[in-house]
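Visitor:
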Amino acid sequence: MGDTNKNILITEVALRDGSHAIRHQFTVEQVVNVVKALDEANVPYIEVAHGDGLGGSTLQYGLSLTDEFELIEAAAATAKNSKIAVLSLPGIGLEKDLKQAASLGAKMARIATHVTEADVSPAYIELAKELGMETVGFLMMSHMAPTAKLVEQAKLMESYGADTVYVVDSAGALLPHEVTEKICALRDHLSVNIGFHGHNNLSLAMANTLAAIEVGATRIDGSMRCLGAGAGNTQTEVLVAVLDKLGIHTGIDIYKMMDAAENLVAPILEKPQEITRDSLVLGFAGVYSSFLLHAQRAAKRFNIDSRDILIELGKQHIVGGQEDVIVDVAAEIAKKKNVTIG
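Quick note on the numbering used here: the sequence shown kicks off at 97 and runs consecutively.
#1: For a test of the three-state rule: what should DSSP assign to S385, helix, strand or coil?
#2: Roughly how many angstroms separate the alpha carbons of A325 and D215, rounded to a whole number?
#3: Check for me: the beta strand (DSSP E) holding N399 runs from which residue to which?
#4: Bridge partners for N105 per DSSP, in chain order?
#5: Would you report the Cα separation of D420 and S184, rounded to the nearest angstrom?
#6: Express the C-alpha separation of V109 and L167 in angstroms, rounding to a whole number.
#7: Out of G257, E125, V144, I309, state which residue places its alpha-carbon closest to the alpha-carbon of V338.
#8: Please report the straight-line C-alpha distance between G98 and V311, rounded to a whole angstrom.
#9: So, with DSSP's three-state summary, where would you put E230?
#10: Using the DSSP secondary-structure output, state which residues sit across from Y141 in a beta bridge.
#11: Put M97 into one of helix, strand or coil per three-state DSSP.
#12: Could you name each continuous beta strand (DSSP E) segment of 3 residues or more that falls completely within the segment 191-257, going from the start of the chain to the end?
#13: If you run the structure through DSSP and keep just helix, strand and coil, what is S266?
#14: I need the DSSP call for Q392, collapsed to helix, strand or coil.
#15: Going by other Cβ atoms of all chains shown within 10 Å of its Cβ, with 16 needed for buried, is E254 buried or exposed?
#16: Classify A224 as buried or exposed, calling it buried when 16 or more other Cβ atoms lie within 10 Å of its own Cβ.
#17: With a 10 Å radius around its C-beta and 16 neighbouring C-beta atoms as the bar for buried, classify Y351 as buried or exposed.
#18: Closer than 6 Å by C-beta to N103: which residues in its own chain qualify, once you throw out the five before and the five after it? Chain order, please.
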């Protein structure tokens, strides 16, 4: 598989993306235990935040059980070698949130925008640089833009000072040949690091991640036990084992990753992460993975099929930040079907 001497730096996202899967109910104790185990396993970066990033604990996105800054502070105090990363979606997260995260010990800022909206990120990327943080441009819903547009947006993030730019398959909708095309294009046009963040809604997270690595992505996200939105992300402990078999160096202790996944993360999951009917529809319709629980709640409220909601959201190209539209879409479907609301 290409150059087996390459080093891959992994960011474990279960304590951020996984927040979606457990309705943002992480406790300080859970975060401390997981971070301690990941630190001992030599995982380079551990992302900790509300599922929708800094400032995400709202009625619209879902209220956190524990203040995210308490979780970030506890994680940073626990990690000896691993660096704590935070996610910020400009507009949801404010600049003061980024400053607070940095003051508590976060070392990496991942600034996330919709794939066509990189131009909302410069102030945040520049602030993160000023705060001495490693900066990542995170282009979400990357399946929604043609490759030329993706390259243009990635180059904007690079010009703002991002150290790394990610292709983010938020819906788990990309196919391996599409990942190859997009990562190749970024590699040909950018001089910064290239990353990939996959979701497993079509059972392609691992295949897509390997496709990305093969053509030049060196920053990769994973979540232990697939603890992430929708059907979860590329399963970190499996990825580490697969890369080891390929002779690709991650520096992560495989046994310790397996143990952390089995002993600490598995008990946090309310139910095992699998590709359910609804998460499959997320990938098929190209809908933001964190919409899953919102759509299921709306379906119950309006007594309709959640798949109909998700397919309609896909048709309308609804993106992260438009969670309030989900109820409107559900109401409209129920009205058309003359459904009695339960």
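Heads up, the beta-carbon is just placed ideally off N, CA and C, and yes, glycines get one too. Predicted model only: the values in this text are computed from it and were never measured.
Guide: Answer, in terms of the structure:
#1: coil
#2: 26 Å
#3: Per DSSP, N399 belongs to no beta strand (DSSP E) and is neither H nor E.
#4: Note that residue 105 is Leu in the sequence shown here, rather than Asn. R315.
#5: Rounded to the nearest angstrom, the two C-alpha atoms are 20 Å apart.
#6: Annotation: L167 to V109 spans about 14 Å, alpha carbon to alpha carbon.
#7: I309
#8: Only weak support is given to the placement of G98: the predicted model assigns it a pLDDT of 45, under 50, and the value that follows is read from those uncertain coordinates. Distance between the alpha carbons of G98 and V311: 8 Å.
#9: strand
#10: T107, K179
#11: Summary for M97: the model assigns pLDDT 48, below 50, so the residue's position carries little reliability; its value from the coordinates is reported in the next sentence. Here M97 sits in coil by DSSP.
#12: 204-210, 230-236
#13: coil
#14: helix
#15: buried
#16: Buried, since its Cβ has 16 or more Cβ neighbours within 10 Å.
#17: exposed
#18: Excluding sequence neighbours, N103 sits near H345.
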